[in-house]
Each structure stands twice: as structure tokens, then as C-alpha cells.
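Working notes, structure below.
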Amino acid sequence: MFQITFVTNDNKTVQAPENSNLLRISLREKGGIPFKCGGGLCGTCKCKILAGLDNTDAIKDKERKHFTEQQFLEGHRLACQTFVNGDISVAW
Ligand code: FES
């Protein structure tokens with residue numbers, strides 16, 4: 104298990120198991136990340152990994168329609184397309 108901190112939601116911190124989908128954890132634990140489609144299309148779940156970017160998985164092609172390379176370097180991701188393997192902090 105590891106920790107996910109939802110910075111925009113008063114730094115709410117929850118426990119999550121290996122290889123968790125970020126949006127799914129947010130839904131289950133009431134983390135508060137906005138969403139609509141859940142499928143990488145709408146962009147509603149845009150978020151920024153403030154700490155622990157190395158603990159997220161590879162960027163998906165669907166995400167490339169929503170962000171520039173520079174934004175990926177700065178930690179921007181789609182929560183519904185991001186899987187987490189260690190502690191992170193996320194804002195939106
Ligand atoms: S919820 Fe629509 S892109 Fe993630």
C-alpha cells in the first residue's frame with residue numbers, strides 16, 4: 104500500500120494498493136478529482152502530479168491530445184489514464 108494526497112481537497116490522504124488507477128481511487132475514497140467520461144476523451148480529469156511523478160506509469164496516446172510535452176514534464180496527466188505505483192501528491 105502507498106499514499107495518495109489530494110492536495111486540492113485539503114490535502115486529504117488515502118491508502119491505495121499497487122498499480123491503482125488514479126481516478127478510480129479518487130472515486131472510491133472521495134478524493135474529489137473532477138471527471139466525466141472516464142475514458143481519456145473529455146479532459147475533465149486533468150490534474151498535475153506535484154510529487155511522485157516517477158511513481159506514475161507511462162503516458163498514454165489519449166493523453167497526448169490534451170497536453171504538450173512540456174506539460175507532461177511538469178507533471179500534467181489525465182487521472183483516468185494514470186496508474187500509480189507509489190506515493191504521489193496530486194492537484195487539479
Ligand atoms: S474523465 Fe474524461 S478524460 Fe478522464
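Numbering (this note's numbering), first residue to last: 104 to 195.
Even glycine gets a Cβ: it sits at the ideal position worked out from N, Cα and C.
Query, Result
"Cα separation between G143 and D113?", "26 Å"
"Based on the DSSP secondary-structure assignment, which residues constitute the bridge partners of T159?", "V187"
"Got a sec: does ligand 1 put a non-hydrogen atom nearer than 8 Å to the Cβ of A194?", "no"
"Three-state secondary structure (DSSP) at I136?", "coil"
"Hey, would you say the C-beta of A119 is under 8 Å away from at least one heavy atom of ligand 1?", "no"
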